[in-house]
Amino acid sequence: MARKSNHQCPHCTSSMSIRTSKNIHPLFRILYFQCSNFKCGFTCSGNLEITHQISPSAAPNLNIQLKTLDQISAERKASNDEYKKSEDD
Ligand SMILES: [Zn+2]
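Residue numbers (this note's numbering): -18 to 70.
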């Protein structure tokens, strides 16, 4: 049974349904889409990845370690600063 999604077909802009999905990891899933317009017939796949936490869980799984957006931003800034520093050398 297909699940409705909020995704639009990139070709005809009709709605797309999720035909099936495959769980790869608790934070990563592959989705398979199909356009609802039978004259279009486009199918594709894409990824759903949980990348960071906004608010921590009250029942955390200790195997799941997600950073906050602030931590990711700080790491990217530090990495960029390091890259710029190495370019100047
Ligand atoms: Zn389409």
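Every residue, glycine too, gets a C-beta built ideally from N, C-alpha and C.
1. Would the beta-carbon of S(-5) be found less than 8 Å away from any heavy atom of ligand 1?
2. Of all the beta strand (DSSP E) runs that stay within the bounds of the region 29 to 55, which reach a length of 3 or more residues?
3. Which same chain residues end up closer than 7 Å to H(-12) when comparing Cβ atoms and leaving out the 5 residues on each side of it in sequence?
4. Taking three-plus beta-carbon pairs below 8 Å as touching, is the region -7 to 11 in contact with the region 42 to 51?
5. Could you tell me if the beta carbon of G22 falls within a distance shorter than 8 Å of some heavy atom in ligand 1?
6. With DSSP run on the structure shown, which of helix, strand or coil describes N61?
7. For H33 and I53, which I take to be in contact (beta-carbon distance under 8 Å), what is that distance rounded to the nearest angstrom?
8. Any idea which residues DSSP pairs N4 with across the strands?
Looking at the atomic coordinates:
1. yes
2. none
3. M(-3), F14
4. yes
5. yes
6. helix
7. 6 Å
8. R10
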